[in-house]
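Right, one structure below, let's go through it.
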Amino acid sequence: MEKRESRTENTKQKIIDAFLELLKEKKFSKITISDITRTACINRATFYYHFSDKYDVVEVIQQELLSKEIFREVKEQQAIGEDTIIKAFRAIVSTQLDLSKQCKHALEEFKGKMDDKIKRHLAEVLKELLDKERGIKEEHDLLATFWSWGIYGVAMMYVEGRIQKNEAENKLMNIFKE
151 MEKRESRTEN TKQKIIDAFL ELLKEKKFSK ITISDITRTA CINRATFYYH
201 FSDKYDVVEV IQQELLSKEI FREVKEQQAI GEDTIIKAFR AIVSTQLDLS
251 KQCKHALEEF KGKMDDKIKR HLAEVLKELL DKERGIKEEH DLLATFWSWG
301 IYGVAMMYVE GRIQKNEAEN KLMNIFKE
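Position in the sequence shown (first residue = 1) + 150 = this note's numbering.
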């Protein structure tokens with residue numbers, strides 16, 4: 151059974167790798183299932199055994215990105231402080247830069263959905279920290295959401311070149327001190 155699961159995971163990864171390779175050359179809208187199967191050296195039936203369509207491949211890539219715990223270092227904090235905010239900022243920057251390298255041709259097509267998932271995931275992590283630090287309170291959800299969107303917004307300003315890294319980190323610190 152383990153051998154079959156391993157082979158299934160290898161085939162699935164082969165499809166994902168082929169898709170990511172194609173994204174370096176083509177826009178998402180121009181990639182076909184035939185392109186993916188040809189690049190992965192598999193047949194269509196094998197593709198459809200693992201994925202329903204190319205959007206499903208994107209969904210799996212997004213889930214894998216989040217499951218790699220981009221906010222692992224943030225989760226390890228005992229309380230929310232400057233270090234927590236900087237770690238969250240840097241995790242978002244790193245993730246966005248990786249996404250833009252790997253998926254530059256598809257980024258505009260699924261960036262909004264991925265951005266939302268990253269903000270929601272960070273909000274969940276921050277809420278858990280708030281609950282751990284201050285006890286479970288209803289307002290933690292609102293505060294964590296507010297903070298996650300703010301951190302995300304400043305991180306994107308840096309990624310887009312509208313602000314320098316040190317300036318971005320200093321502004322975040324000033325906002326969270328108030």
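Don't be surprised by glycine CBs; every beta carbon is placed ideally from N, CA and C.
Item                                                                                                                                                         : Value
Do three or more CB pairs link the region 294–314 to the region 265–283 at distances below 8 Å?                                                              : yes
Do you know offhand how far CYS191's Cα is from THR234's?                                                                                                    : 44 Å
Using three-state DSSP, classify ILE220 as helix, strand or coil.                                                                                            : coil
Start and end of the alpha helix (DSSP H) containing ARG188?                                                                                                 : 183–190
Taking Cβ positions, are THR182 and ALA168 nearer each other than 9 Å?                                                                                       : no
Where does the unbroken alpha helix (DSSP H) through ARG194 begin, and where does it stop?                                                                   : 194–200
Suppose the cutoff is 8 Å on Cβ atoms and the five residues either side in sequence are ignored; what does the same chain contact list for ARG194 look like? : ILE183, SER184 and THR187
Look up ILE166 in the DSSP assignment and say whether it is helix, strand or coil.                                                                           : helix
Quick check: what's the CA-CA separation for LEU215 versus GLN163?                                                                                           : 13 Å
May I ask you to report which of helix, strand or coil DSSP gives GLU274?                                                                                    : helix
Sorted by chain position, which residues of the same chain lie with C-beta nearer than 7 Å to HIS354's C-beta, five sequence neighbours on each side aside?  : In this structure the chain extends from 151 to 328, so residue 354 is not present and cannot be described.
Compute the beta-carbon to beta-carbon distance between GLU226 and ALA241, rounded to the nearest angstrom, for a pair I have assumed lies under 8 Å.        : With 8 Å as the limit, GLU226 and ALA241 do not qualify as a contact, their Cβ atoms being about 12 Å apart.
CB PHE197 to CB ILE165, shorter than 9 Å?                                                                                                                    : yes
Would you report the Cα separation of MET151 and GLU209, rounded to the nearest angstrom?                                                                    : Low confidence applies to MET151: its pLDDT is 47, below 50, so where it sits in the model is not reliable, and the reading given next is rough at best. Taking the straight line joining both Cα atoms gives about 26 Å.
Just the Cα atoms here: how many angstroms apart are MET264 and GLN212?                                                                                      : 7 Å
Using a threshold of 9 Å, state whether the C-beta atoms of GLU310 and ILE236 are closer than that.                                                          : no
From the DSSP output, in three-state form, read off GLY285 for me.                                                                                           : coil
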